[in-house]
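Chains as they are written, first to last, in this note's numbering: chain A, 761 to 855; chain B, 3 to 424.
So this is what it looks like as C-alpha cells:
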C-alpha cells in the first residue's frame, strides 16, 4: 500500500515536474530554524497541513497571532506567496 | 534484480518522493554538469548538500578537519559554554555520499573553468560556488598583525583564537580593564561585537566585579543598537563603557608589547585586549578574480553569480549581498538559493527570482535574547529589504519573551548545524 502510494506520488510529480516543484520564493529559508524534532523551542512544521501553515502565516502577517519573530518575517510575503510556501512545505513533510 | 539493487531503487524512490521530489526529479531529468564548492562552512556545506541531493556531481573542497562555528562562540569566550559544542566534523557530509576534497583551493582559472588545489590536483567545473568566508586584514590597523593577534586576540574566526580570549579573560585578575575594538562596516556578523561586549560585561559583573570593559567602536550606529544600549543600561551600568566613533572610539593603532590600544584622542592600557580588525573575503576570492577593490565579491542577486567572472558563484560572508548581513543564517539561506539557481542554469532553465530570510539572535546575558530579522529580494540589481518586513525585537519585550528568544537562538544553532553537518 505504502509503496503504491509512493509510486503514485512519483508518477504524479512526473519527470517534467522539476521546474514546477522548485521551492517558491522564501520557502527554503524556513528550515534554518524549523527542524524535524517535535518539542524543540522552535516548533517543527513536520506533519502540518498546508492550510494550517498558511493560516499561521496569515495570522502572523495580520498581527493577530502572538509572535516573537514570525510576525516580522511573515510581513515579507504576500498572501499568494505564503500559500505557495505552505503548500511546498507541507508536500515535503515540513522541512 | 538483486536484493541490493531492489532495495536501493525502492529506497531511492521513497527518499526522492518524500524528502525532496523537486530537486531529485529535476536534476535527474535535466541538470547535468560538474559543480565544485569551495569552503565547508554554513554556506558551502549547505549548497553542496543541496546539489548532491539533486544528484549532481559535486565536490566540496575543504582542508580543515573540523568546522568550528562562530555563532554562539561569544558564550564560550565568556565561560558560559563549552568549546566542543562549536566543533563539527565532516563525517556527516561524507556519510551522505558527498565527495570531499580534503585540501585547499589555491587558484581558479575562470576561463578554463578549473580549480587548482594545494595538493597539485585540479578540479574542472561547469559551475563553481565559492563560500570561502573572511580573511582578517593584518594590513589595516597599525601594530595589528598576525603576531599581535596572538596577544590581542580577534576571536573572529572560531577556534584557537576563541579559546585564547576565553583563557585571558578567565585569568585576568579582578580590577582589570578589558578593551574591545570594533571595526567599521562591513564585517562578519554585524551584531557580534555587541553580543561579545554584553557577555564579557556579564562575566565581569558576576566574577570580577571591580573590572571594566571599554568598547571602542569605529562607527556610531550598529545592529540592534537600541536593544543593546537598553540592555547595557539595565544590566551593566558599572561594567561597560561604550565609546562610539563620534566620541573618539575608532582604534587607530595598537601596541601588543604593552597591550596599549590607541585612538586619535586617548590611549587605553588593557589587561585583556580583543581587537576585531577590518576584514575582506578570504584569499581565494581575489585569486579567482571575483573580489573587487573593496575586498568583497559583487554578485547577481538572483543567482549569486559573480559580477566579475562568469561561472563562479559567491555566497556567505565573502559576498556583497546588499541588505543581507554576513551571518551564518544568511549563508545557509544563500546556499540553498544558489544551489537552486545552479541546478536551473545547468538544466538550461531561467533561475527563479528568490526571496531570502535572515534571523540573527544575540544574547545580552544568559537566557536573555534579542533578535533582528529581515526578508530580502532582488531589486535594482541588489538584494534589498522587503519593505514592511523585518526589524528587531520590541524594546519593551517582557523577560519571558527575552527568555524565549534566547532559547530560539540556541535552537536555531542546533537545527542549522545538524542540517548542515549531520
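All C-beta atoms, glycine included, are put in the ideal place defined by N, C-alpha and C.
Small disclaimer: the values here were computed from a predicted structure and weren't measured.
| Query | Result |
| --- | --- |
| C-beta atoms of residue 133(B) and residue 318(B) nearer than 8 Å | yes |
| Proximity test, Cβ basis, 8 Å: residue 410(B) and chain A | yes |
| Rounded C-alpha distance that separates residue 121(B) from residue 106(B) | 8 Å |
| Residue 308(B) in three-state terms, based on DSSP | strand |
| Beta-carbon gap between residue 55(B) and residue 39(B) smaller than 8 Å | no |
| Selection from 46(B), 101(B), 86(B) that minimises the alpha carbon distance to residue 57(B) | 101(B) |
| Cross-chain neighbours of residue 832(A) in chain B, by beta carbon under 7 Å | 375, 391, 392, 393 |
| Exposed unless 16 or more other CB atoms sit within 10 angstroms - verdict on residue 143(B) | buried |
| Residue 811(A) - containing alpha helix (DSSP H), residue span | 810 to 822 |
| Best match in 43(B), 130(B), 126(B), 119(B) for proximity to residue 91(B) [C-alpha to C-alpha] | 43(B) |
| Residue 253(B) vs residue 310(B) beta-carbon contact at 8 Å | no |
| Delimiting residues of the alpha helix (DSSP H) encompassing residue 840(A) | 839 to 851 |
| Contacts that residue 226(B) makes with chain A (C-beta to C-beta distance below 8 Å) | Neighbours of residue 226(B) on chain A: none; closest Cβ ~13 Å, over 8 Å. |
| Span separating the alpha-carbon of residue 67(B) from that of residue 802(A) | 30 Å |
| Buried versus exposed, by CB contacts within 10 Å (16 or more), residue 832(A) | buried |
| Integer-rounded CB distance, given that residue 237(B) should sit under 8 Å from residue 367(B) | 6 Å |
| Beta-carbon proximity check, residue 388(B) vs residue 377(B), cutoff 8 Å | yes |
| C-beta neighbour in chain B for residue 789(A), strict 8 Å | yes |
| Boundaries (first-last residue) of the beta strand (DSSP E) holding residue 387(B) | 384 to 387 |
| Residues of the segment 320 to 345 of chain B with Cβ closer than 7 Å to any Cβ of chain A, in chain order | 331, 334, 335, 338, 339, 342 |
| Chain-order list of residues whose beta-carbon lies under 6 Å from that of residue 59(B) (same chain, five-residue window excluded) | 36 |
| Close-in-space but distant-in-sequence residues of the same chain around residue 177(B) (CB under 8 Å, 5 per side omitted) | 210, 212, 213 |
| Neighbour-count burial assignment, residue 811(A), 16 or more Cβ in a 10 Å radius | exposed |
| Beta-carbon proximity of residue 149(B) to residue 185(B), cut-off 8 Å | no |
| Minimum C-alpha distance to residue 419(B) - residue among 842(A), 796(A), 841(A) | 796(A) |
| Under 9 Å (Cβ pairs) to chain B, residues found in the segment 792 to 811 of chain A | 792, 793, 794, 795, 796, 797, 800, 801, 802 |
| For residue 316(B), the nearest candidate out of 114(B), 242(B), 408(B), 130(B) (CA to CA) | 130(B) |
| Test: residue 402(B) CB closer than 8 Å to a CB of chain A | no |
| Backbone secondary structure at residue 243(B) - three-state DSSP | strand |
| Boundaries of the beta strand (DSSP E) in which residue 378(B) is found, first to last residue | 370 to 381 |
| Under the three-state DSSP convention, the category residue 26(B) falls into | Note that residue 26(B) scores 42 on pLDDT, short of 50, meaning its location in the model is unreliable; the coordinates nonetheless yield the value given after this. Here residue 26(B) sits in helix by DSSP. |
| Rounded distance between the beta-carbons of residue 314(B) and residue 292(B), thought under 8 Å | 5 Å |
| Spatial neighbours of residue 840(A) in its chain, beta-carbon cut-off 7 Å, leaving aside the 5 residues before and after | none |
| Residue 396(B) classed as buried or exposed, judged by whether at least 16 other C-beta atoms fall within 10 angstroms | exposed |
| Cβ shell of residue 275(B) (< 6 Å), same chain only, five flanking positions each side left out | 154, 181, 261, 263 |
| Residue closest to residue 222(B), alpha-carbon to alpha-carbon, out of 241(B), 196(B), 201(B) | 196(B) |
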